[in-house]
Amino acid sequence: MALVVVFWANMAIAELQFPSLDADDLNGRAVSLPQDFPGDPTIVFIAYKRNQQPSINAWVARLGLQERGGPAWVELPVVGRGAALFRSFVDNGMRSGITSTAMRGRTITIYSSQRAFNKALGIDGRNEIYTALVGRDGQVHVLIEGDVTDEKIAQLRAAYP
């Protein structure tokens with residue numbers, strides 16, 4: 028019975044497609060996602076609230092990710108459509124806390140509908156961060172909820188195609 032559950036869980040992830048989005052990184056470079064992700068696949072950290080940054084930092088540290096080299100990865104703060112009116116304020120605030128040009132290039136703020144974004148990925152709510160492994164074709168190889176653990180690292184590594 029456990030094999031059936033694992034099979035269905037993996038099948039559900041295989042069917043997830045990352046939504047097509049146009050956005051800008053914090054250096055002002057326009058990107059079309061998922062095609063412009065830096066790697067194939069790319070580790071994608073999804074956050075909704077400022078206080079979730081330590082959770083992403085913990086993932087980055089535990090995975091040994093670097094500013095340059097190593098596996099491709101990005102951070103996607105999903106601030107929603109309503110914040111688009113304050114885009115300059117939001118982006119400048121984030122820029123002031125991220126002095127590295129390389130790190131600014133890894134931070135892509137999403138100003139589209141949070142509800143539509145979450146629905147496309149099967150995410151319920153904004154209270155947790157999510158770590159995904161996404162191909163440039165949009166295939167979501169794995170989507171992991173919450174803080175980093177040894178088990179979640181193993182799950183991410185096992186999903187690499």
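Position one of the sequence shown corresponds to residue 28 (the numbering used here), numbered consecutively onward. In this text, a Cβ means the ideal position worked out from N, Cα and C, and glycines have one as well. Computed from a predicted structure; not experimentally measured.
For Thr134, no alpha helix (DSSP H) run applies, since DSSP gives it neither H nor E. The DSSP assignment places 48 to 52, 57 to 60, 69 to 74, 100 to 104 as complete runs of the beta strand (DSSP E) inside the segment 36 to 106, in order along the chain (cut-off: 3 residues). Take the alpha-carbon of Asn54 and the one of Ile135: they are about 9 Å apart.
Its Cα nearest to that of Asp174, the residue Thr158 stands out among Ile70, Thr158, Ala147.
The residue among Ile70, Val101, Ser127, Val106 with its C-alpha nearest the C-alpha of Val58 is Val101. For Ile180, the enclosing alpha helix (DSSP H) stretches over residues 177 to 186.
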